[in-house]
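For the sequence shown, the positions run 1 to 111 when my numbering is used.
All C-beta atoms in this analysis are idealised placements derived from N, C-alpha and C, irrespective of residue type, glycine included.
Bear in mind the structure is a predicted one, so any value in this text is a computation, not a measurement.
Below: one structure, written as C-alpha cells.
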Amino acid sequence: MMVLKDVENYLKNKEAPVDEKFKLLFVLYTMCTILTPFVSLMIPQKWLLPLKDTRLIPSFNWSEHAFKYLMKGISEFQKIPQDTQTFNSPQGRQTCINGCILFLQLFTLTA
C-alpha cells in the first residue's frame, strides 16, 4: 500500500520529472483528496490497478466514479445508529461520510 503523504511529497518535489509516474501519483492524489476522499491515509491497492496504463486515464468516467463512491458513503453512514454518529468517536466508529463532499454541497444547493 502507498501512503498519501509519500505521494504528496513526491508531487511537491520541483525536480521530479513529469512522466508516467508523476501522472499516476497526481491522479491518485486527486482521487484521495477531492474525488473520493476517505478517512485512512493509506491508498487502497485496488485503486492502483485501473491506473496501470496512464494513457487510459482521460477515458475514465471520473464524475460517475466519484458520485457512486459518495452514494456508497452516504448509504454506509445511514446504516449507523444515530446515537453513535458522533464527530469524535474514540470507539473507532465511522464519524463522517466518505466521498466527494463538493458533490454533496452542489446537490444541496441546487435542490
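task: List the residues that DSSP assigns as beta-bridge partners of M113.
output: An answer regarding residue 113 cannot be provided, because it is not within the stretch 1 to 111 covered by the chain.
task: List the endpoints of the continuous alpha helix (DSSP H) containing E64.
output: Here the alpha helix (DSSP H) through E64 covers W62 to Q78.
query: Thinking C-alpha only, which one of V3, T110 and H65 is nearest P44?
result: Nearest of V3, T110 and H65 to P44, Cα basis: V3.
field: Beta carbon of M1 nearer than 7 Å to that of M31
entry: Against a cut-off of 7 Å, the Cβ pair of M31 and M1 comes out as no contact.
field: 7 Å Cβ shell around V27 - same chain, five flanking residues per side excluded
entry: Same-chain partners within the cutoff: L51 and I57.
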